[in-house]
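Have a look at the structure below, then the notes.
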Amino acid sequence: MEQPFTLTSEMRDNCLVITTSGYVNNVGGEAIAAEFGRHFEGGTKHVVVNLAQSKVVNSIGMSFLIEIIEQLQEVDGKLVFTNLDPAVEKMLAIMGLFKFAGKESTVEDAVKSFSGQK
Amino acid sequence: MATETQVHRDNLADRLSTQIGSLQEAFRKLSKAATLKDLAGQFIGVVRGIFPDADIDLLHRPDRVETWQMLVDGGAQGFERLLALPPEQSSALSTLHQTANTLCVVQRLVDKSSIGMVLVRHLPDSGYSDIDAVSLRLFVHLFDNAHQDLVYRRNEKQLIFSLNHRVLQLNSLINTGIEVSKLDQHESPQQLALERAASLTNASKGLVRVTSGGTVREEIFFPAGVPVHGTGDDNTRIATSFTFADSTYAFELFEKESRIGILPFEETDQLLLDALARQVHASLENRYLHQQALEKQKIEQDMAVAASIQQRILPATLPAIDGYDIAGINIPSKSVGGDYYDCIPLPDGKYALIIADVAGKGVPAALLVSSLHAYVSAYLESTLPLIELAQRLNRVICHASTDDKFITAYIALLSPATGEIESLSAGHNPAYWLKSDNTVQELSVGGVALGMLDMDFPFQSEHFIIEKGERLLLYTDGITEATNEQNQLYDSDVPLQEFVVKQKPEKAGQFIQDLVGDIKRFTGNAPQSDDITALYLLRR
Numbered sequence: 003m004e005q006p007f008t009l010t011s012e013m014r015d016n017c018l019v020i021t022t023s024g025y026v027n028n029v030g031g032e033a034i035a036a037e038f039g040r041h042f043e044g045g046t047k048h049v050v051v052n053l054a055q056s057k058v059v060n061s062i063g064m065s066f067l068i069e070i071i072e073q074l075q076e077v078d079g080k081l082v083f084t085n086l087d088p089a090v091e092k093m094l095a096i097m098g099l100f101k102f103a104g105k106e107s108t109v110e111d112a113v114k115s116f117s118g119q120k
Numbered sequence: 022m023a024t025e026t027q028v029h030r031d032n033l034a035d036r037l038s039t040q041i042g043s044l045q046e047a048f049r050k051l052s053k054a055a056t057l058k059d060l061a062g063q064f065i066g067v068v069r070g071i072f073p074d075a076d077i078d079l080l081h082r083p084d085r086v087e088t089w090q091m092l093v094d095g096g097a098q099g100f101e102r103l104l105a106l107p108p109e110q111s112s113a114l115s116t117l118h119q120t121a122n123t124l125c126v127v128q129r130l131v132d133k134s135s136i137g138m139v140l141v142r143h144l145p146d147s148g149y150s151d152i153d154a155v156s157l158r159l160f161v162h163l164f165d166n167a168h169q170d171l172v173y174r175r176n177e178k179q180l181i182f183s184l185n186h187r188v189l190q191l192n193s194l195i196n197t198g199i200e201v202s203k204l205d206q207h208e209s210p211q212q213l214a215l216e217r218a219a220s221l222t223n224a225s226k227g228l229v230r231v232t233s234g235g236t237v238r239e240e241i242f243f244p245a246g247v248p249v250h251g252t253g254d255d256n257t258r259i260a261t262s263f264t265f266a267d268s269t270y271a272f273e274l275f276e277k278e279s280r281i282g283i284l285p286f287e288e289t290d291q292l293l294l295d296a297l298a299r300q301v302h303a304s305l306e307n308r309y310l311h312q313q314a315l316e317k318q319k320i321e322q323d324m325a326v327a328a329s330i331q332q333r334i335l336p337a338t339l340p341a342i343d344g345y346d347i348a349g350i351n352i353p354s355k356s357v358g359g360d361y362y363d364c365i366p367l368p369d370g371k372y373a374l375i376i377a378d379v380a381g382k383g384v385p386a387a388l389l390v391s392s393l394h395a396y397v398s399a400y401l402e403s404t405l406p407l408i409e410l411a412q413r414l415n416r417v418i419c420h421a422s423t424d425d426k427f428i429t430a431y432i433a434l435l436s437p438a439t440g441e442i443e444s445l446s447a448g449h450n451p452a453y454w455l456k457s458d459n460t461v462q463e464l465s466v467g468g469v470a471l472g473m474l475d476m477d478f479p480f481q482s483e484h485f486i487i488e489k490g491e492r493l494l495l496y497t498d499g500i501t502e503a504t505n506e507q508n509q510l511y512d513s514d515v516p517l518q519e520f521v522v523k524q525k526p527e528k529a530g531q532f533i534q535d536l537v538g539d540i541k542r543f544t545g546n547a548p549q550s551d552d553i554t555a556l557y558l559l560r561r
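Here it is as structure tokens:
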């Protein structure tokens, strides 16, 4: 069963990697947006969101993710999702998130995609 | 020569013409703004280009709110100056208040909120002209237009988001139904349905509680470990339930989330929760039916094994007895029957003819037949007297079977050389001895069925001599009680004794064949109700 939301982040090769655990809802979305906001102000343009431990996402959580994607678009940045559960991947696809965001199997692949190694 | 008025008009026209170009350029900039704050920042930049020597504040007042909120603070004391406006100007759709070095503009926007703009010239002696006032009005209208564009774009995005969410709900509902029906037995369909219901309705938490007879058997919280409080019927909670196999499955969702706080659940949310709960109900029913089918299949496999074992217990061939012809048959009514027959040569040269019928059918009956066969074989090795054999069999069968299980049996010990027979019926149908005078004698001396009473029952046996040409028929009640489609008994239509008298072929096997044929003719298409078993001895 899905756990309450927690989040960790780290910088890897100039990419902000946000790893979540639990339900990405209003609380989860706000936490992701706040973490992103702190780094975005410092000039971070490449963001990886690892949803390996998040099997349930609601539309409020997705609205925060969309805002992050839009903010990154304005500065020619990009967000890449990784480790997606098939059900979550389908949800994000239906909501149109992959029109402007990428997806990769692993965080390593996502970081490489930004550096052009992949 | 141009007059002063004419020059003034020309200057005004030139400035306005220049500003039209600026307006078009400004609108292109402003229309890229994603938020009101962005728009305000961009707009102040444009206005500063027109009024470089002014302090400029831009404020916003939401619909039905009295206080102003600062969007851009340029040091023009905007709060104080807007509050000082006469009420009719402050609440007007569009107003401009001009003093010597100050311009205050209030403009109602498309979403019924208002912006207020205050410009204060640095130099106290340089006031604002009419052209400045007109220019400022034009730019404020420009802000209004850009704001309309922002609102429409935002509404369009929200509409697309909302439409996508509806598609997502429908898609997820269909997929969840498929996933729930595919789950392994150890996975919980109610847990998956709860997760999906919470996600699709934007509930912050949820619960499934399974109760049986007032006892809570299972509680699943979503998210895990997050306690759920509040069982009131207010609109921050929706619930549904169903009952299956004496258990009630109650689903509850709490607190519909939004970006502006907790909202009441919608009718669609209730419909979604109901639909997902129905899918769980269907899944549980399907699992139950599937489980039953598997159990039935297992029972059928066990029955097949038991039938195979029983076929090995029944004799494939009967021993050849010098001066006699013997034949037997067993046709089980189910795949595993409860009848048994055999002819066993004994160490003292005698033969034991046995026929038995276990109460009941199926695997339990087959197990008891198997036990009987083992005990009979073991006891006959030691040439026990017939009565003692019956008593021992009664005891062991009594201990080996349940209270409702017993065995009727007929046992005859034949001394082939003399034709002497000692026989005993343990609650079984009487055997028919067809004598040389063409009469039939019933042989029924014995006692109660084996295993019926746990005590040393005083069995009795009888002795007689089967002469040349005489015959002996042992049978089970599957023959006498065979029924036709009119539910009539075979023995009432064609009494078996009469058949024994009439049918006297030279071979014992032929008699058995004729008997089975006659029963089939009588029963027609009626299903076989009991095992048909017979053992026929003919002294040549």
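As you go down the protein sequences, you meet chains A and B in turn.
For any residue, its number in the numbering used here is found by taking its place in the first sequence, counting from 1, and adding 2.
For any residue, its number in the numbering used here is found by taking its place in the second sequence, counting from 1, and adding 21.
Ideal Cβ positions, reconstructed from N, Cα and C, are used throughout, including at glycine.
Taking the alpha-carbon of residue i as reference, which of the options has the nearest alpha-carbon?
{"i": "residue 257 of chain B", "options": "B:268, B:225, B:247, B:245", "result": "B:225"}
{"i": "residue 255 of chain B", "options": "B:534, B:241, B:232, B:283", "result": "B:283"}
{"i": "residue 73 of chain A", "options": "A:54, A:58, A:91, A:49", "result": "A:49"}
{"i": "residue 465 of chain B", "options": "B:446, B:454, B:472, B:456", "result": "B:446"}
{"i": "residue 277 of chain B", "options": "B:269, B:290, B:330, B:191", "result": "B:290"}
{"i": "residue 6 of chain B", "options": "B:524, B:175, B:309", "result": "Any property of residue 6 of chain B remains undetermined from this structure, which presents chain B solely from 22 to 561."}
{"i": "residue 54 of chain A", "options": "A:9, A:103, A:117", "result": "A:9"}
{"i": "residue 132 of chain A", "options": "B:49, B:369, B:193", "result": "Missing from the structure shown is residue 132 of chain A; chain A here goes from 3 to 120 and no further."}
{"i": "residue 125 of chain B", "options": "B:500, B:153, B:532, B:131", "result": "B:153"}
{"i": "residue 93 of chain A", "options": "A:113, A:68, A:110", "result": "A:68"}
{"i": "residue 137 of chain B", "options": "B:149, B:93, B:122, B:166", "result": "B:93"}
{"i": "residue 424 of chain B", "options": "B:412, B:385, B:313", "result": "B:385"}
{"i": "residue 155 of chain B", "options": "B:512, B:135, B:71, B:185", "result": "B:71"}
{"i": "residue 350 of chain B", "options": "B:341, B:363, B:307, B:343", "result": "B:363"}
{"i": "residue 63 of chain B", "options": "B:75, B:46, B:249", "result": "B:46"}
Does the beta-carbon of residue i have 16 or more other beta-carbons within 10 angstroms, so that it is buried, or is it exposed?
{"i": "residue 108 of chain A", "result": "exposed"}
{"i": "residue 397 of chain B", "result": "buried"}
{"i": "residue 80 of chain B", "result": "buried"}
{"i": "residue 560 of chain B", "result": "buried"}
{"i": "residue 118 of chain B", "result": "buried"}
{"i": "residue 233 of chain B", "result": "exposed"}
{"i": "residue 470 of chain B", "result": "buried"}
{"i": "residue 187 of chain B", "result": "exposed"}
{"i": "residue 115 of chain A", "result": "buried"}
{"i": "residue 181 of chain B", "result": "exposed"}
{"i": "residue 244 of chain B", "result": "buried"}
{"i": "residue 394 of chain B", "result": "buried"}
Strictly below 7 Å CB to CB, what residues from chain B border residue i?
{"i": "residue 98 of chain A", "result": "185"}
{"i": "residue 43 of chain A", "result": "Simply none; closest approach about 14 Å."}
{"i": "residue 24 of chain A", "result": "244"}
Mind listing the chain B neighbours of residue i? Cutoff is C-beta to C-beta under 8 Å, in chain order.
{"i": "residue 59 of chain A", "result": "220"}
I'd like the list of long-range same chain contacts for residue i, defined as Cβ closer than 8 Å, with 5 residues on each side in sequence excluded.
{"i": "residue 209 of chain B", "result": "241"}
{"i": "residue 474 of chain B", "result": "415, 419"}
{"i": "residue 88 of chain A", "result": "none"}
{"i": "residue 89 of chain B", "result": "80, 81, 82, 99, 100, 103, 104, 137"}
Starting from residue i, find everything on chain A with Cβ-Cβ shorter than 9 Å and list it in chain order.
{"i": "residue 279 of chain B", "result": "28, 62"}
{"i": "residue 160 of chain B", "result": "Result: empty, since nearest Cβ-Cβ is about 24 Å, beyond 9 Å."}
{"i": "residue 275 of chain B", "result": "Near residue 275 of chain B there are no residues of chain A at all, since even the closest Cβ is about 12 Å away, more than 9 Å."}
{"i": "residue 182 of chain B", "result": "61, 64, 65, 68, 97, 98"}
Leaving out five residues before and five after residue i in sequence, what residues of the same chain have Cβ atoms less than 7 Å from its Cβ?
{"i": "residue 16 of chain A", "result": "48"}
{"i": "residue 58 of chain B", "result": "92"}
{"i": "residue 540 of chain B", "result": "500, 503, 511, 553"}
Taking C-beta pairs closer than 8 Å, name the residues in chain A that residue i reaches, listed in chain order.
{"i": "residue 216 of chain B", "result": "3, 4, 57, 58"}
{"i": "residue 176 of chain B", "result": "Chain A residues near residue 176 of chain B: none, gap ~15 Å exceeds 8 Å."}
{"i": "residue 582 of chain B", "result": "Since the first and last residues shown for chain B are 22 and 561, residue 582 of chain B lies out of range."}
{"i": "residue 164 of chain B", "result": "Here the premise fails: no neighbours, minimum Cβ distance about 21 Å."}
Just to confirm my understanding: we take residue i, look at its own chain, exclude 5 residues before and 5 after, and list those with CB closer than 6 Å. What are they?
{"i": "residue 212 of chain B", "result": "241"}
{"i": "residue 492 of chain B", "result": "455, 559"}
So which residues of chain B does residue i contact, with C-beta pairs closer than 9 Å?
{"i": "residue 93 of chain A", "result": "189, 192, 193, 220"}
Quick one: list the residues of chain A neighbouring residue i, beta-carbon separation under 7 Å, in chain order.
{"i": "residue 55 of chain B", "result": "72"}
{"i": "residue 2 of chain B", "result": "The displayed coordinates of chain B run from 22 to 561. Any statement about residue 2 of chain B would go beyond what the structure contains."}
{"i": "residue 256 of chain B", "result": "In chain order: nothing, as chain A lies at least about 18 Å away."}
Problem set entry | Where the segment 225 to 245 of chain B meets chain A: residues whose CB sits under 8 Å from a CB there | Those residues of the segment 225 to 245 of chain B that come within reach of chain A (Cβ to Cβ, closer than 8 Å) are 225, 241, 242, 243, 244, 245.
For this session: With 7 Å as the limit, tell me which residues of the segment 63 to 75 of chain A have their beta carbon closer than that to any beta carbon of chain B; keep them in chain order.
Result: 65, 72
Exercise. Using a Cβ cut-off of 8 Å, which residues of the segment 368 to 394 of chain B contact any Cβ in chain A, in chain order?
Worked result: none
Exercise. When Cβ atoms are compared, which residues of the segment 479 to 508 of chain B fall closer than 7 Å to chain A?
Worked result: none
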